[in-house]
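Written below as structure tokens is the structure these notes are about.
Numbering (UniProt numbering), first residue to last: 1 to 535.
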């Protein structure tokens, strides 16, 4: 059921405060962080707290993603979702639709189409030279147009919404293939905002051209102006940053009564991710301005201690992730099966799990390893499996939105990451009685897994030790059964009720406490907003 709305069609603002989440895009295939954010939003909404989700970026299928998120996560209609590119652009975001841009044929150009995923790609040639490639979705709508130079290299990528409006264009360095510049377009067809993109893919200095020129040291400071405008009628907004780029946005807010919460989901140091290693550059705005946030929420006591020692201050608090009791499942545990559910990205260090399994395979003849997930390292990992001659023992199962079933089928779950903030898969596996074999990394495993009681912890990076732990669980049924029986206690140790109570108490405390302007560091960071052309 939707809540009452005011004359503008949005949820009425509560004098008792509202929860505001800033994020990039929705997406439907996301990891544990996104799942926990959505769960927290639902918690607040069901407790009668007004909730807004403010999105800073563009996705070609936003409306469909929003509908899918509401449906699959039970996100109430009262949760208001708004988009920066649609509202901040003069007259509305995106150009008027151009029928030629959406056409599969163009006068004077030759073209041919080929299937791509659920859609197709149409390549256009001008006098024999590849000029552009149009990407269409399964509904024959143009999603992206790549423009090529004489060497077939992409120089510009244009992105469209489902109505065929050109929303933004990324100019690409043809030598490296990396994005260098992003331009956003308004209804008039003009570029209203330009952002530079650093070599590591971060959106940095930005210039707004319309309606009034202004320059920003960060794209997120520009987005902060829009957030301030959206929250102008809110008497007590509590604004959450769950991804570190958005810390800059929270620091740039000018709303006089806004309270800011940085919620952490990962390790804050650089490789090899020990507590004494340097700060990850992405975390510098948070670490350098730690006391400017009203609260910093961490997932483990170990990380709270490490951050407090590094940053000082007493504004960090611990709220563990909850471990939900597992629903009834028809999944049958399969002897000899190990499972990993993870994004195929460098952080997850899945190559270690595969190398460890190669040792296991030589000692446990019926052992198999199921890997669920997708990501940029998928091709490399499949090549590694082939190189190790494990293709008949390792199965890549793709993305799953039912991780509990995957864990319930296995004898043990494996976590080989470089780092985590908590490792949501740990509690998911343990909730269905599946013991975990994990590297004892920062942060999470040592607080979730009780070594030799409900799982096994091994030194980070020690592939032989990881393999030995896998073999031990697979080779000793009684030991594995004992670990699994104790593992289900995780739902009591990290109960949903406690998690709900702690988040609600934090919210109501912040929303009802006057802002201490002297403590809030806001203002210094905002000095970077200036008229374009000034210094």
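By construction, the Cβ of each residue, glycine as well, lies at the ideal position given by its N, Cα and C atoms.
DSSP-derived helix/strand/coil call for residue i
i: residue 428; result: helix
i: residue 515; result: coil
i: residue 115; result: strand
i: residue 494; result: coil
i: residue 422; result: coil
i: residue 132; result: strand
i: residue 72; result: helix
i: residue 206; result: strand
i: residue 124; result: strand
i: residue 524; result: Legend: pLDDT at residue 524 = 38, less than 50; position of this residue unreliable, value from coordinates given subsequently. If DSSP states are grouped into helix, strand and coil, residue 524 belongs with coil.
i: residue 412; result: strand
i: residue 364; result: coil
i: residue 10; result: Since pLDDT at residue 10 reaches only 41, below the 50 mark, its modelled position is unreliable, and the value read off the structure follows with that caveat. Coil.
i: residue 282; result: helix
i: residue 49; result: coil
i: residue 87; result: helix
i: residue 146; result: strand
i: residue 138; result: coil
Among the options, nearest to residue i - alpha-carbon criterion
i: residue 24; options: 223, 334, 205, 121; result: 223
i: residue 16; options: 27, 332, 501, 50; result: 50
i: residue 367; options: 334, 345, 275; result: 334
i: residue 119; options: 135, 127, 131; result: 135
i: residue 442; options: 112, 413, 159, 305; result: 305
i: residue 565; options: 344, 226, 373, 321; result: Since the first residue of the chain shown is 1 and the last is 535, residue 565 is not available in this structure.
i: residue 433; options: 491, 401, 415; result: 491
i: residue 90; options: 158, 191, 130, 179; result: 191
i: residue 199; options: 207, 280, 181, 210; result: 181
i: residue 97; options: 167, 40, 408; result: 167
Residue i to residue j span [Cα, whole Å]
i: residue 484; j: residue 201; result: 42 Å
i: residue 115; j: residue 340; result: 31 Å
i: residue 133; j: residue 141; result: 14 Å
i: residue 219; j: residue 403; result: 35 Å
i: residue 391; j: residue 382; result: 8 Å
i: residue 85; j: residue 194; result: 12 Å
i: residue 153; j: residue 147; result: 8 Å
i: residue 62; j: residue 26; result: 7 Å
i: residue 108; j: residue 125; result: 9 Å
i: residue 171; j: residue 177; result: 10 Å
i: residue 262; j: residue 43; result: 18 Å
i: residue 174; j: residue 431; result: 49 Å
i: residue 450; j: residue 60; result: 44 Å
i: residue 79; j: residue 257; result: 21 Å
i: residue 389; j: residue 499; result: 45 Å
i: residue 412; j: residue 225; result: 48 Å
i: residue 301; j: residue 318; result: 6 Å
i: residue 229; j: residue 92; result: 15 Å
i: residue 513; j: residue 76; result: 27 Å
i: residue 46; j: residue 497; result: 14 Å
i: residue 208; j: residue 217; result: 12 Å
i: residue 397; j: residue 294; result: 42 Å
One or two residues paired with residue i in a DSSP bridge
i: residue 237; result: 18
i: residue 263; result: 297
i: residue 451; result: 455
i: residue 24; result: Paired residue(s): none; residue 24 is not in a bridge.
i: residue 196; result: 181
i: residue 385; result: According to DSSP, residue 385 bridges with nothing at all.
i: residue 317; result: 297
i: residue 438; result: 415, 457
i: residue 172; result: 179
heavy atom of the ligand HEM below 7 Å from residue i C-beta
i: residue 491; result: In terms of ligand content, the structure shown is empty, and the ligand HEM therefore cannot be addressed.
Residue environment, residue i, which counts as buried when at least 16 other CB atoms sit within 10 Å
i: residue 139; result: exposed
i: residue 99; result: exposed
i: residue 424; result: buried
i: residue 313; result: exposed
i: residue 248; result: buried
i: residue 238; result: buried
i: residue 186; result: buried
i: residue 7; result: Caution applies to residue 7, whose pLDDT of 32 falls short of 50 and renders its modelled position unreliable; the value that the coordinates give is listed next. It counts as exposed.
i: residue 452; result: exposed
i: residue 110; result: exposed
i: residue 348; result: buried
i: residue 150; result: exposed
i: residue 276; result: exposed
i: residue 501; result: exposed
i: residue 531; result: Because residue 531 carries a pLDDT of 46, less than 50, the predicted location of this residue cannot be relied on, and the following value inherits that uncertainty. Its Cβ having fewer than 16 others within 10 Å, residue 531 is exposed.
i: residue 129; result: exposed
i: residue 362; result: exposed
i: residue 481; result: exposed
Within-8 Å CB hit, residue i to chain C
i: residue 352; result: The structure shown contains no chain C, having only a single protein chain.
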